[in-house]
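Undergrad:
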Amino acid sequence: MLNNQSWRQLNVTGPRPAGRHTFVYGLYVNSSSSASGSSTAARPTRVLVVATGQGSAVFSDIWALDLDSVTWRQLPQAGDPPNTVYGSAGGIAPSVPGGPHSSRFWLSHGFSSKRRYSTTHYYDLQAERWVLVHGAINSYDATGPHSRCIVSSTVMSDERIVMYGGCAQNGGTGGPCPARDAWTFDGSSWKQASTCPTPRTRGVMVPLTSPLLSLPTSADMAAAAAQEAMMGPGRTGSGGIMGPDSLNQTAGLRVYGGRYVLLYGGYERDKQTISVSSAPDDQLPVLDLDNGEWLLLRASGEVPAFRGQPAVAHDVATGRVWVFGGQLRGSGALSNDLYELQGDPEATPPYPDGSCGSTFLYPHLHGIFMGLAWGILLQAGWFIARYFKRSTTWFNLHRACQISGLVLSIVGLAVVMAGGVKPSNLGFSHGAIGLTALGLGLLQPLNAFFRPHKGERWRMQWEWLHLTTGRCAVVLGAANVSLGTFLVQGPYAVWISWHVLLGVFVIVVIIMEVRHQRDLRRNAGRPDAAAAPAKDVDTSTDSAEAGTSGGTSGGKASVAPAPSKLA
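Structure (structure tokens):
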């Protein structure tokens with residue numbers, strides 16, 4: 002109890018939810034007397050709502066604890082309920098003093114025992130039914146947060162969901178773990194904020210109120226209530242969701258937790274981590290939702306040690322935040338201490354230039370290797386073989402590019418597996434395409450070893466196999482690099498730069514192919530074309546030249562016959 006700074010265990014009777022962790026919870030203040038269309042007794046006024054989580058199983062249930070009678074009740078799973086998940090984002094918007102109370106319990110993203118999700122639901126606590134408001138987000142969609150779990154999140158007073166980081170690895174998708182991207186959901190669409198704090202999983206977020214701001218008057222709140230009544234059902238009803246633009250027009254929502262959100266704690270390292278710049282204990286990132294930029298609040302006083310998976314509570318009326326427990330970063334010990342924080346986001350400066358957190362993950366290294374292999378070397382190898390056969394060194398260059406590209410591909414696969422990717426997760430699209438391209442690429446040195454000489458049996462079939470599998474490999478490889486630039490959830494500059502480079506390369510290929518076909522037609526029309534010796538399609542200009550000037554590359558070296566004696 003905060004008034005006397007003492008703990009009290011509640012004596013709960015009757016049915017209760019099974020033990021669990023990484024669930025979503027929120028405090029519901031009921032302003033209605035009974036359920037919609039119900040003749041039952043008045044609903045409880047203060048309710049703790051708990052949903053999903055992991056314990057002996059992964060749950061999809063939702064429970065309500067009446068804080069007056071201290072009894073649990075399992076709520077019905079009507080409507081469009083979510084999957085069994087844990088580590089989701091969500092909660093209930095904090096009640097604004099003198100203002101309306103939200104009746105929506107939000108739930109977004111999460112992980113089951115086998116799959117990660119990106120859908121967004123809310124539970125209407127008056128109608129007691131689930132509503133799906135946003136479907137699944139494609140893992141290669143740069144405009145929304147991909148499937149993930151164990152995120153840092155909160156619900157603002159205007160019902161915007163704010164989410165940071167989490168783990169996007171495995172579970173039928175791929176991506177950073179821990180991640181460091183920030184997103185807001187306005188009830189219909191997601192919007193990305195800037196990136197600055199260190200990556201983290203299992204952190205916490207809370208709305209942060211400035212204690213120095215002028216609080217709204219009763220007249221302000223009456224005007225806000227009148228505006229809401231005019232616009233139709235919103236925060237207290239089960240109808241449509243009011244957008245953030247209209248909600249932000251009310252002074253109460255902006256002052257009381259409608260603009261700033263505090264990010265605290267979490268785990269900055271995971272199996273993917275190669276290096277990370279750990280956040281100092283007194284460094285508290287604050288996201289300004291008006292411009293999507295991060296502010297740096299430096300705490301003073303008795304600063305708690307940085308910790309993962311703490312519990313947090315807040316009071317939007319006073320701007321106070323309480324942090325309890327968690328696992329300490331330095332020692333790994335579990336803590337049961339309780340701290341109170343009060344800061345002023347209005348007086349908090351932006352992050353200084355160059356002070357944002359930095360990280361380097363195994364997926365980043367994997368992307369570098371695969372980008373060099375399938376984006377540069379292997380593409381250069383076939384390009385040289387097709388368009389530069391007049392050069393005496395083309396075969397050596399072709400072979401060097403292909404071998405080095407395949408070696409980098411194998412190293413790139415090993416790197417991402419070392420970062421914690423499960424073999425069972427290689428079946429999703431990026432992994433499956435990558436393995437197919439690598440398998441086709443590795444066939445090339447093998448079928449080159451069995452390459453028949455010019456004029457031998459199966460020569461035409463071998464040429465068809467070599468060209469077809471090689472072309473499929475480089476096309477799939479380039480496409481998979483494109484998918485990877487979206488999957489890694491990096492800066493826009495990464496995937497924009499790659500696709501500009503790819504577009505330029507495609508234009509150059511088209512120009513070279515037009516010239517190549519023109520030269521073929523010109524040579525075919527020459528009188529001596531029929532008498533000219535046929536050229537090898539892909540490996541060498543002919544078998545003799547391959548043996549003497551290009552190496553065997555798996556083929557059989559041949560020696561030119563000695564010249565006849567001079568007369």
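Using our numbering, count along the sequence shown one by one with no gaps and you end on 568.
Glycine included, each C-beta is placed from N, C-alpha and C at the ideal position.
1) Using DSSP with H/G/I as helix, E/B as strand and the rest coil, what is residue 239?
2) My guess is that residue 203 and residue 118 are in contact by the Cβ rule of under 8 Å, so how many angstroms apart are they, rounded?
3) In or out: residue 186 buried (at least 16 other Cβ within 10 Å) or exposed?
4) With a Cβ-Cβ cutoff of 9 Å, do residue 325 and residue 313 count as a contact?
5) DSSP three-state label for residue 347, please.
6) Of all the options 155, 487, 521, 69, which has the alpha carbon lying nearest to the alpha carbon of residue 11?
7) So residue 1 and residue 306 are in contact, right, with Cβ under 8 Å, and what is the actual spacing, rounded?
8) Could you give the first and the last residue of the continuous beta strand (DSSP E) run that contains residue 367?
9) Where residue 50 and residue 138 are concerned, what is the direct C-alpha to C-alpha distance, given to the nearest angstrom?
10) For residue 337, which of helix, strand or coil comes out of DSSP?
11) Put residue 402 into one of helix, strand or coil per three-state DSSP.
12) Straight-line CA distance for residue 273 to residue 412?
13) Pairing CB atoms from the segment 16-31 with CB atoms from the segment 342-351, are three or more of them under 8 Å?
14) What residue range does the alpha helix (DSSP H) around residue 317 cover?
15) Specify the secondary structure class of residue 52 as computed by DSSP and reduced to three states.
16) Between 79, 191, 53, which has its C-alpha nearest residue 151's C-alpha?
17) Which two residues bound the contiguous alpha helix (DSSP H) that contains residue 330?
18) How is the alpha helix (DSSP H) around residue 464 delimited, first residue to last?
19) Which first and last residues belong to the alpha helix (DSSP H) in which residue 109 is found?
20) Buried or exposed: where does residue 169 fall if 16 or more other Cβ atoms within 10 Å of its Cβ makes it buried?
21) Reducing DSSP to helix, strand and coil, say where residue 437 ends up.
22) Out of 26, 518, 453, 301, state which residue places its alpha-carbon closest to the alpha-carbon of residue 341.
23) Please state whether DSSP places residue 102 in a helix, a strand or coil.
24) Just list the beta strand (DSSP E) runs in the segment 256-292, keeping only unbroken ones of 3 residues or longer that don't cross its boundaries, in chain order.
25) In three-state terms, what does DSSP make of residue 457?
26) Contact between the segment 187-202 and the segment 285-300 is defined here as three or more beta-carbon pairs at a separation below 8 Å; is this criterion met?
27) Grouping DSSP H, G and I as helix and E and B as strand, with all else coil, what is residue 157?
28) So, helix, strand or coil for residue 193, using DSSP?
TA: Put simply:
1) In the sequence shown, residue 239 corresponds to position 238, counting from 1. The predicted model places residue 239 with a pLDDT of 36, which falls under 50 and marks its position as unreliable; any figure quoted below should be read in that light. Reduced to three states, the DSSP call for residue 239 is coil.
2) Translated into positions along the sequence shown, residue 203 becomes position 202. Translated into positions along the sequence shown, residue 118 becomes position 117. The Cβ separation is near 17 Å, so there is no contact.
3) Locating residue 186 in the sequence shown gives position 185, where the first residue counts as 1. It is buried - the Cβ of residue 186 has at least 16 other Cβ atoms within 10 Å.
4) For this step, residue 325 is matched to residue 324 along the sequence shown. For this step, residue 313 is matched to residue 312 along the sequence shown. A contact, by the Cβ cut-off of 9 Å.
5) Along the sequence shown, one-based indexing puts residue 347 at 346. Helix, per DSSP.
6) Within the sequence shown, residue 11 is the residue found at index 10, counting from 1. Here the closest residue by C-alpha is 69.
7) What the structure shows of the chain is the stretch from 2 to 568, and residue 1 is not part of that stretch, so it cannot be assessed.
8) On the sequence shown, residue 367 is found 366 positions in, with the first residue counted as 1. It is not in any beta strand (DSSP E) - residue 367 instead sits in the alpha helix (DSSP H) that spans 363-373.
9) Stepping through the sequence shown from its first residue, residue 50 is reached at position 49. Stepping through the sequence shown from its first residue, residue 138 is reached at position 137. In this structure, the alpha-carbon of residue 50 lies about 27 Å from that of residue 138.
10) Here the question's residue 337 lines up with position 336 in the sequence shown. Assigned with DSSP and collapsed to three states, residue 337 falls in strand.
11) Within the sequence shown, the letter at position 401 stands for residue 402. In this structure, residue 402 counts as helix in the three-state DSSP scheme.
12) Taking the first residue of the sequence shown as 1, we reach residue 273 at position 272. Taking the first residue of the sequence shown as 1, we reach residue 412 at position 411. Each residue's CA atom was taken as its position, placing residue 273 and residue 412 some 16 Å apart.
13) Segments in contact, no.
14) As a first step, residue 317 is located in the sequence shown; it is residue number 316 there, counting from the start. That residue, residue 317, is in no alpha helix (DSSP H); it is neither H nor E in DSSP.
15) In the sequence shown, counting from the first residue as 1, residue 52 sits at position 51. In the three-state scheme derived from DSSP, where H, G and I count as helix and E and B as strand, residue 52 is classed as strand.
16) Position 150 of the sequence shown, counting from 1, holds the residue named residue 151. The residue among 79, 191, 53 with its C-alpha nearest the C-alpha of residue 151 is 53.
17) Along the sequence shown, one-based indexing puts residue 330 at 329. Segment: none, residue 330 is in no alpha helix (DSSP H) and carries neither H nor E.
18) For the purposes of this step, residue 464 is taken as the residue at position 463 of the sequence shown. Per DSSP, residue 464 belongs to the alpha helix (DSSP H) from 460-488.
19) Translated into positions along the sequence shown, residue 109 becomes position 108. Residue range 105-112 is occupied by the beta strand (DSSP E) that includes residue 109, with no alpha helix (DSSP H) assigned at that position.
20) Stepping through the sequence shown from its first residue, residue 169 is reached at position 168. Label assigned to residue 169: buried.
21) By one-based count along the sequence shown, residue 437 stands at place 436. Helix at residue 437.
22) Start at 1 with the first residue of the sequence shown, and residue 341 comes out as number 340. Comparing Cα-Cα distances from residue 341 to each of 26, 518, 453, 301, the minimum goes to 301.
23) Taking the sequence shown and counting its residues from 1, one reaches residue 102 at position 101. Here residue 102 sits in coil by DSSP.
24) Entirely contained in the segment 256-292, the beta strand (DSSP E) runs reaching 3 residues are, in chain order, 261-265, 274-277, 284-289.
25) By one-based count along the sequence shown, residue 457 stands at place 456. It is coil, neither helix nor strand.
26) Flag = yes, the segment 187-202 and the segment 285-300 touch.
27) Taking the sequence shown and counting its residues from 1, the one referred to as residue 157 is at position 156. Coil.
28) The count along the sequence shown starts at 1 and reaches residue 193 at position 192. DSSP places residue 193 in strand when its eight states are reduced to three.
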